[in-house]
Amino acid sequence: MVIQTPEAVMFWILAPLAVISALGMLLVKKAVHSALLLAWVMITLAIFYIAQEALFLGIVQIVVYTGAVMMLFLFILMLVGVDSSDSLTETIKGLRPIAITAAIGFGGLMVSLIGRATLGRDAIGLEAANADGNVQGLARLLFSDYVWPFEVVSALLITAALGAMVLAHHERTIARPSQRESAIARFRTGSLASAAGLPGPGVFARHNAVDVPALLPDGTPAPTSISATLKARGDMLESSQFQLDVVDTTVVEEK
Amino acid sequence: MNPNNYLYLSALLFTIGAIGVVVRRNAIVVFMCVELMLNAANLAFVTFSRINGTLDGQVTAFFTMVVAACEVVVGLAIIVAIYRSRRSASVDDASLLKR
Numbered sequence: 000m001v002i003q004t005p006e007a008v009m010f011w012i013l014a015p016l017a018v019i020s021a022l023g024m025l026l027v028k029k030a031v032h033s034a035l036l037l038a039w040v041m042i043t044l045a046i047f048y049i050a051q052e053a054l055f056l057g058i059v060q061i062v063v064y065t066g067a068v069m070m071l072f073l074f075i076l077m078l079v080g081v082d083s084s085d086s087l088t089e090t091i092k093g094l095r096p097i098a099i100t101a102a103i104g105f106g107g108l109m110v111s112l113i114g115r116a117t118l119g120r121d122a123i124g125l126e127a128a129n130a131d132g133n134v135q136g137l138a139r140l141l142f143s144d145y146v147w148p149f150e151v152v153s154a155l156l157i158t159a160a161l162g163a164m165v166l167a168h169h170e171r172t173i174a175r176p177s178q179r180e181s182a183i184a185r186f187r188t189g190s191l192a193s194a195a196g197l198p199g200p201g202v203f204a205r206h207n208a209v210d211v212p213a214l215l216p217d218g219t220p221a222p223t224s225i226s227a228t229l230k231a232r233g234d235m236l237e238s239s240q241f242q243l244d245v246v247d248t249t250v251v252e253e254k
Numbered sequence: 000m001n002p003n004n005y006l007y008l009s010a011l012l013f014t015i016g017a018i019g020v021v022v023r024r025n026a027i028v029v030f031m032c033v034e035l036m037l038n039a040a041n042l043a044f045v046t047f048s049r050i051n052g053t054l055d056g057q058v059t060a061f062f063t064m065v066v067a068a069c070e071v072v073v074g075l076a077i078i079v080a081i082y083r084s085r086r087s088a089s090v091d092d093a094s095l096l097k098r
């Protein structure tokens, strides 16, 4: 079997890109960037599968890996915090040189093994096996020789789904307070002024934004009417600047 | 070009993934590197299937994908559970048994 030139061109363009983005996955700080680079590596692998007459696996690679698995990774990244960047300093002393040396040794071993191994014949190619179509050929194998592994894998899938549900399950340690209980607590603990709810913000008819404290009936501002977040950020405005004698109320004459 | 080049690429990606598992400390990135290693093995399976002219390698790669999907689901659930209790996704922080 001779590989045609277009496939060789594709390989020599995409393979270096895959290796570079895989290396980038190790070097970038943010986990989200690693996830995007990994998604690219998986897309190139899908293209390689399709080029190697594994059409079904190429599609499954895109749907399952870049679709489902990478989305799951991104969801978890959102949950854990997107900006949870990894500090790249090593905690175990001398780990990194040892790891890289071991990896170079392992990679060199694999490459030299692949380089030395000979099959004694040319690669056959899948023209005969894919004669009825790739999906049909795979289905024939899957439902004859590989029925037993197929069933075992389905059991594994169900177990994994159950395991994920058990792990994600979250039991409340304290019962949620009922409406009645929270009403009683409001009257028993806080001052009676806040028992009926806090006043809303804004000086009515002058400046009705959430950053201006409301005025109490005696004219003093009510700081409790402002959200605690705004107060902490210092975004609270003074309500005295919206008093009637301060604001310019002259109506501009229309021409 | 020889189909062996795909095998070289597969070995390279597997090695890069292995470095990542050892060196990186964010549990999610470590997990992604494991995924990279699984994918590299899949590429080798598909290439061997082509070299041997039978589809068995592709069936095996298909099973690997299913197992990888299960592994991702359970692994990410564990990471979320650890993050819930310890507020950290770093593999170094989960060292309760050490002390």
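Taken in order, these protein sequences are the chains called A and B.
Under numbering that gives the first Met the number 0, the very last position in the first sequence is 254; numbers go up by exactly one each time.
Under numbering that gives the first Met the number 0, the very last position in the second sequence is 98; numbers go up by exactly one each time.
Beta carbons: idealized from backbone N, C-alpha and C, even for Gly.
Practice item. Give the residues of chain B in contact with A/T90, contact being defined as C-beta atoms less than 8 angstroms apart. Key: Result: R24, D91.
Exercise for review: Please list, in chain order, all residues of the same chain as A/M9 whose beta carbon is under 8 angstroms from its beta carbon, the five residues on each side excluded.
Suggested key: I46, A50
Point to revise | Residues in the segment 151-175 of chain A having any Cβ partner in chain B nearer than 8 angstroms | key: V152, L155, L156, T158, A159, A160, G162, A163, L166, A167, H169
Point to revise | Buried or exposed (CB count within 10 angstroms, at least 16 for buried), A/I75 | key: By the Cβ-count criterion, A/I75 is buried, with 16 or more other Cβ atoms from all chains shown falling within 10 Å of its own Cβ.
Check your understanding: When you compare only the Cα positions, how much space is there between A/D210 and A/G218?
Key -> 17 angstroms
Review point. Would A/L37 pass as a contact of A/Q60 if the rule is Cβ separation under 8 angstroms?
Key: no
Practice item. Look up B/N102 in the DSSP assignment and say whether it is helix, strand or coil. Key: Lying outside 0 to 98, the shown extent of chain B, residue 102 of chain B is not represented and no answer is given.
Review point. Hey, does B/V66 have any beta-carbon neighbour from chain A nearer than 8 angstroms?
Key: yes
Point to revise | Any 3 or more C-beta pairs closer than 8 angstroms across the segment 113-133 of chain A and the segment 32-39 of chain B | key: no
Point to revise | Contact set between the segment 14-42 of chain A and chain B, restricted to residues whose Cβ is under 8 angstroms from the partner | key: A14, A17, V18, A21, L22, M24, L25, A30, S33, A34, L37, V40, M41
Review point. Just reading off the alpha helix (DSSP H) that A/G136 is part of, what are its end residues?
Key: Unbroken alpha helix (DSSP H) run through A/G136: 133-141.
Practice item. Taking A/G106 as part of the alpha helix (DSSP H), name the residues at either end of that continuous run. Key: Taken as a continuous stretch (DSSP letters only), the alpha helix (DSSP H) holding A/G106 covers 94-115.
Check your understanding: Which chain A residues are close to B/V71, counting only those with a beta carbon under 8 angstroms from its beta carbon?
Key -> V68, L71, F72
Check your understanding: Buried or exposed: B/S48, going by 16 or more other Cβ atoms within 10 Å of its Cβ?
Key -> buried
Check your understanding: Mind pulling the chain A residues with CB within less than 9 angstroms of B/L12?
Key -> A17, V18, A21, V40, L44
Check your understanding: Can you tell me whether DSSP reads A/S177 as helix, strand or coil?
Key -> Correct three-state label for A/S177: coil.
**Study point:** is_contact[A/G106, chain B] using C-beta, thresh 8 angstroms
**Key:** yes
Review point. A/L214 bridges to which residues according to DSSP?
Key: A/P220
**Study point:** Rounded straight-line distance, which links the Cα of A/A227 to that of B/I77
**Key:** 35 angstroms
Practice item. Note down, in chain order, every chain A residue with its Cβ under 7 angstroms from the Cβ of B/T46. Key: Q51
Review point. How many Å lie between A/I97 and A/A130 at the Cα?
Key: 49 angstroms
Review point. Mind checking if B/V33 is an interface residue toward chain A, Cβ cutoff 8 angstroms exclusive?
Key: no
Review point. Who are the neighbours of B/R49 on chain A, taking C-beta pairs under 7 angstroms?
Key: Q51, E52, A122, G124, L125
Practice item. Following the continuous alpha helix (DSSP H) through B/S89, name the residue where it begins and the one where it ends. Key: No alpha helix (DSSP H) holds B/S89; DSSP gives it neither H nor E.
Review point. Is the beta carbon of B/I50 sitting closer than 8 angstroms to the one on A/L137?
Key: Taking 8 angstroms as the Cβ cut-off, B/I50 and A/L137 do not qualify as a contacting pair.
Point to revise | Residues of the segment 136-148 of chain A with Cβ closer than 9 angstroms to any Cβ of chain B, in chain order | key: G136, L137, R139, L140, L141, D144, Y145, P148
Review point. What first and last residue would you give for the alpha helix (DSSP H) that runs through A/Y48?
Key: 30-50
Review point. What number of angstroms, rounded off, separates the C-alpha of B/E70 from the C-alpha of A/A159?
Key: 8 angstroms
Review point. Looking at the unbroken alpha helix (DSSP H) that takes in A/T228, where does it start and where does it end?
Key: 227-232
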